[in-house]
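Reading through the structure tokens given below for one structure.
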Amino acid sequence: MSLYLHGYWRSSASYRARIALNIKQLDYTYVPVNLAKNGGAQFSDEYSALNPAHLVPTFVDDDEDIFLNQSMAIIEYIDERYEEPIKLVPIHRLDRARVRAFAQDIACDVQPVTNLRILRHLNTTFQSSDEDNANWCRHWIETGFKGIEKRLTNTVADYCFGFDLSMADVCLIPQVYNAERFGVEMSQFPLIQRVADNCNQLQAFIDAKPENQVDAI
Ligand SMILES: N[C@@H](CCC(=O)N[C@@H](CS)C(=O)NCC(=O)O)C(=O)O
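Numbering (my numbering), first residue to last: -2 to 214.
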């Protein structure tokens, strides 16, 4: 079995994939792609051949000869191929739909507008400062978190959906990392903070943390 994850330590989409791989207790080779240095290795010929969208992560499973981008597709692929020790996407149809919707609140509606290429574009086209960009990120993360906090009132226990870890937690925790990075006041979101505190005690989440990656600066 040869699994590879091309990612970047501070990329929240890569962080999601790392958590999923760790929960499934899979051995994988982490291949750093430096998004920041010299304009970004995501634009190198080598990486562009692998992922023409110039984004991380990219996941490779040699045994199945598959190259996958999009962290949500990667997580679902891993979840279907390796069912143990737990399912991240619930088996029950209604639970599955709810978990996917929650995860997409983050992966589709929050993270994309705070992505590096958006911030670079704001900077080069509209001359935004680093402080403007941090305000931008805080605004969009808080906007998303307000809805997520309300949703959690109906579902939360130790984790987003009761006492079972799911893809919702896998997506939420990297977004909390980003929120803290951009100075979001997390006391506004006690349920999100509770889930983050619980998840961050688990080894799979600890090992996936940005600061614990080989390419962390
Ligand atoms: N929807 C994609 C998003 C991937 C993404 O936005 N990756 C970011 C890091 S979190 C990236 O590679 N950014 C590089 C850039 O903006 O140039 C996924 O979930 O995999």
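Quick reminder that beta carbons are idealized off the backbone N, C-alpha and C, glycines included.
For this session: Just the C-alpha distance for lysine 143 and glutamine 108, rounded to the nearest angstrom, thanks.
Result: 15 Å
Is valine 57 helix, strand or coil by DSSP? strand
* **Assigned secondary structure, histidine 3 (DSSP; H/G/I helix, E/B strand, else coil)** => strand
Mind the definition here: the region 86 to 93 touches the region 153 to 170 only if three or more C-beta pairs lie below 8 Å; say whether that holds. yes
- Item | Whole-angstrom distance between tyrosine 74 and phenylalanine 56, CA atom to CA atom | 10 Å
Proline 187 to proline 171, Cα distance in whole Å? 16 Å
**Asked** Looking at glutamine 210 and ligand 1, is the gap between the Cβ and the nearest heavy atom below 7 Å?
**Response** no
Item to complete: Hey, could you find the ends of the beta strand (DSSP E) proline 29 is sitting in?
Response: 26 to 29
| query | Taking DSSP as the reference, what is the three-state secondary structure of leucine 149? | reply | helix
Is it true that the CB of tyrosine 5 sits closer than 8 Å to the CB of valine 30?
yes
Checklist entry - At which residues does the alpha helix (DSSP H) containing asparagine 66 begin and terminate? => result First-last for asparagine 66: 63 to 66, but that is the beta strand (DSSP E), not the alpha helix (DSSP H).
* To do: Would you mind sorting proline 82 into buried or exposed? The rule is 16 or more other CB atoms within 10 Å of its CB.
  => exposed
**Message:** Under 7 Å: does the beta carbon of valine 53 sit that close to some heavy atom of ligand 1?
**Reply:** yes
Mind checking aspartate 68: buried by the 16 CB within 10 Å criterion, or exposed?
Checking the displayed sequence, the identity of residue 68 turns out to be serine instead of aspartate. Its Cβ being crowded by 16 or more others within 10 Å, serine 68 is buried.
Task: 7 Å CB neighbourhood of arginine 228 in its chain, flanking five on each side removed - done: This structure gives no information on residue 228, because the portion of the chain shown stretches from -2 to 214.
Below 8 Å on the Cβ atoms is my guess for leucine 65 versus histidine 3; work out the distance and round it to an integer in Å. About 11 Å; that fails the 8 Å criterion.
Self-check item: Residue from Gln185, Ala10, Ala38 and Ala176 whose Cα sits closest to the Cα of alanine 131
Solution: Selection Gln185, Ala10, Ala38 and Ala176 evaluated against alanine 131 yields Ala176 as nearest (Cα-Cα).
Item to check | CA-to-CA distance, aspartate 59 to tyrosine 174, given in whole angstroms | outcome: 31 Å
Inter-residue CB distance, leucine 32 and isoleucine 103 (contact presumed, cutoff 8 Å): With 8 Å as the limit, leucine 32 and isoleucine 103 do not qualify as a contact, their Cβ atoms being about 19 Å apart.
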